[in-house]
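The structure appears below as structure tokens.
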Amino acid sequence: MKKFVAFAAALCMAVSLAACGSTPSSSAPAANTTSTPASASADTPASETSSLEGAVTTGGSTSVEKVILALQESFMASNPGVDVTYDPTGSGAGITGASEGTLDIGLSSRALKEDETGLVGTTFALDGIAIIVNNENTVSDLSLDQIKGLADGSITNWSEVGGPDAPVVLIGREAGSGTRDGFESIVGVEDVCVYEQELTSTGAVIAAVAANPNAFGYASLSAVDEKVKAVTVDGVAATEATVQDGSYKVQRPFVFVTKEGAELSDAAKAFIDFALSADAHQLIIDAGAVPLA
């Protein structure tokens, strides 16, 4: 009997020790089997990455270059699958490219004319056409009538408008340029300008005026720099505010030109929508043009 009691006691002790050394599965904490992939911890949410893909060909006006390049860079950063190209060939070529289907979007620095049918023009910004003179020229303000006289040859000497005793030299753009068309139509000198030089880009006009003390010309406000002097027109300077409120008289639209009835790609539609959105306003301003109100 004593042997049995001793054996039972030993058996109970063994069972007790075994129980203390184990943990029931029902009380163990649940293992964390999920992990965060490295890509999921990126700063930019996946929702901000566009799935758009394709190419968007634009071309035309050289005056819109700064604006288009700014819009292009920002849009492509948000849409890495889209390639937006720009070919600075002049407004006439941009309109033709849209009409013939060689461009998805033509770029014009003037409104479409009545005889340019089968096309849709969408204004995406405004631009003042600055009247520029050489930095040495003492003239700082001109009226529209004086500008007309300087352009059509009825005023031949700067002294007639308060400047130096020196001949007037007009430098402008080539036929078909939106800037030329805008300048001539606003000032009222279509087909009567007496040009010393007709150049194929806004930059070339600015450089030529900067190189000739007697020269004057016209250029997109967004392109004017310290190489030349922009005069006021009837006392009003060409600025974002005066273009938007209409008080600066020599201004024109920047226009997207597309073929009427043609189906644009999703990428081309998205680019136009972006350029017209509030998100693009500061880009347009920084590029020297004026966003739509």
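Counting with my numbering, you get residues 148 to 440 for the letters of the sequence shown. By construction, the Cβ of each residue, glycine as well, lies at the ideal position given by its N, Cα and C atoms. It should be emphasised that the depicted structure is a prediction, and the values quoted were computed from it without experimental measurement.
Asked, Found
"Beta carbon of ALA422 nearer than 9 Å to that of VAL203", "no"
"Rounded separation between SER301 and ASN284 - CA only", "19 Å"
"Three-state class that DSSP yields for LYS406 in the structure shown", "strand"
"Complete beta strand (DSSP E) runs within the stretch 234-265 (minimum length 3 residues, chain order)", "252-255"
"Beta-carbon gap between LYS376 and VAL334 smaller than 9 Å", "no"
"Given 8 Å, three or more beta-carbon pairs between the stretch 342-357 and the stretch 419-437", "no"
"Three-state class that DSSP yields for LYS376 in the structure shown", "strand"
"Endpoints, the alpha helix (DSSP H) within which LEU216 is located", "212-225"
"Burial state of SER348 (16 or more Cβ within 10 Å)", "buried"
"Continuous beta strand (DSSP E) stretch holding SER367: start and end", "362-367"
"Length-filtered (3 minimum) beta strand (DSSP E) runs lying within the stretch 380-438", "398-406"
"Secondary structure of GLU283, DSSP reduced to three states", "coil"
"Distance CB(THR269)-CB(ASP234) smaller than 9 Å", "no"
"Cβ-Cβ separation, LYS213 to SER369 (assumed contact under 8 Å), whole Å", "5 Å"
"LEU411 versus ASN304 - alpha carbon distance", "52 Å"
"Length of the line joining the Cα atoms of ASP274 and SER221", "21 Å"
"VAL229 versus LEU199, SER306, ASP288 and ALA322, residue with shortest Cα-Cα distance", "LEU199"
"Assigned exposure category for PRO311 - 16 Cβ within 10 Å defines buried", "exposed"
"First and last residue of the uninterrupted beta strand (DSSP E) at ILE318", "316-320"
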